[in-house]
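Down below is the structure, laid out as structure tokens.
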Ligand SMILES: C[S@@+](CC[C@H](N)C(=O)[O-])C[C@H]1O[C@@H](n2cnc3c(N)ncnc32)[C@H](O)[C@@H]1O
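Residue numbers (the working numbering): 156 to 395.
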């Protein structure tokens with residue numbers, strides 16, 4: 156793991172590998188909060204798990220211009236990072252539409268345009284939606300699904316297990332969920348391990364990862380992935 160250079164970070168931001176996350180104390184963020192008020196389901200800052208996950212993906216990059224869905228995107232740091240650094244085509248999904256202006260502000264501060272439909276690498280598109288409504292086709296058309304700090308209520312463990320299974324059935328290559336280690340996250344990890352690991356070319360692992368900058372923190376990454384990349388023609392049979 157590399158130690159990112161934070162020397163050039165603008166005021167009231169955290170910077171990881173050249174990508175900025177505006178803090179809640181940033182003037183633009185405070186202005187939006189005054190205008191728009193709060194969020195309904197904790198999408199009220201850039202959560203630390205997303206920094207740790209992006210540090211992992213910096214060391215383990217996606218193929219160029221991959222399609223990525225950022226589940227429970229909140230202010231969108233993960234998707235913005237992958238659009239900016241790896242030219243990913245990112246669909247950022249959240250149940251709470253009030254996060255969108257914050258995501259747009261964060262994206263603009265990184266020189267990333269938010270669009271209504273993805274047409275080129277390095278773009279980001281916000282889509283209001285809930286985990287349980289995302290279809291096998293929507294999920295399966297993504298190379299990678301990411302989700303940071305999205306498994307914080309008991310009922311989310313089962314919703315996210317079913318989502319991961321739909322995604323794999325649809326052809327998605329990998330799902331990465333980052334978390335501080337709350338009980339629902341471990342329930343999800345245990346369920347994935349028991350039901351998916353070793354079946355039809357799928358590997359499940361939980362990694363512990365620490366970063367030291369822009370702050371020191373340790374989080375867990377649940378990674379559910381096909382052990383060998385598949386194409387449309389050699390796609391493995393559906394799991395579970
Ligand atoms: C703790 S925040 C994390 C935000 C962001 N991933 C980050 O790391 O900064 C959890 C996010 O998940 C969203 N969320 C919660 N339940 C959801 C659901 N059922 N479907 C879609 N999004 C959901 C919330 O609105 C919130 O933005």
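The C-beta atom is built at its ideal place from N, Cα and C for all residues, glycine as well.
So if DSSP puts residue i in a beta bridge, which residue, or which two residues, is it bridged to?
i           : result
residue 332 : 302 and 377
residue 170 : 175
residue 280 : 246 and 270
Using only the alpha-carbon positions, how far apart do residue i and residue j sit?
i           : j           : result
residue 368 : residue 169 : 9 Å
residue 184 : residue 252 : 16 Å
residue 312 : residue 347 : 10 Å
residue 375 : residue 213 : 16 Å
residue 305 : residue 333 : 8 Å
residue 227 : residue 265 : 20 Å
residue 309 : residue 166 : 37 Å
residue 177 : residue 381 : 34 Å
residue 262 : residue 248 : 15 Å
residue 307 : residue 354 : 27 Å
residue 293 : residue 300 : 11 Å
residue 377 : residue 215 : 14 Å
residue 175 : residue 362 : 25 Å
Give every residue of the same chain whose Cβ lies closer than 6 Å to the Cβ of residue i, excluding the five residues on either side of it in the sequence, and list them in chain order.
i           : result
residue 273 : 244 and 280
residue 207 : 333, 364, 366 and 374
residue 277 : 238 and 242
residue 359 : 347, 348, 351, 352 and 379
Please classify residue i: is it buried, with 16 or more other beta-carbons within 10 angstroms of its beta-carbon, or exposed?
i           : result
residue 338 : exposed
residue 202 : buried
residue 222 : buried
residue 270 : exposed
residue 326 : buried
residue 275 : exposed
residue 246 : buried
residue 336 : exposed
residue 219 : exposed
residue 186 : exposed
Since residue i and residue j are thought to touch, with beta carbons under 8 Å apart, how far apart are those beta carbons, to the nearest angstrom?
i           : j           : result
residue 210 : residue 331 : Wrong, their Cβ atoms sit about 12 Å apart, outside the cutoff.
residue 323 : residue 357 : 6 Å
residue 205 : residue 233 : 5 Å
residue 297 : residue 379 : Not quite, the Cβ-Cβ distance comes to about 13 Å (not below 8 Å), so this is no contact.
residue 191 : residue 283 : Not quite, the Cβ-Cβ distance comes to about 15 Å (not below 8 Å), so this is no contact.
residue 286 : residue 315 : 6 Å
residue 318 : residue 289 : 6 Å
Leaving aside the five residues before and after residue i along the sequence, list all residues of the same chain whose C-beta is less than 7 Å from its C-beta, in chain order.
i           : result
residue 188 : none
For residue i, I'd like the list of residues in its chain whose CB is within less than 8 Å of its CB, leaving aside the five on either flank, ordered along the chain.
i           : result
residue 371 : 365
residue 291 : 321, 322, 324 and 325
residue 182 : 167
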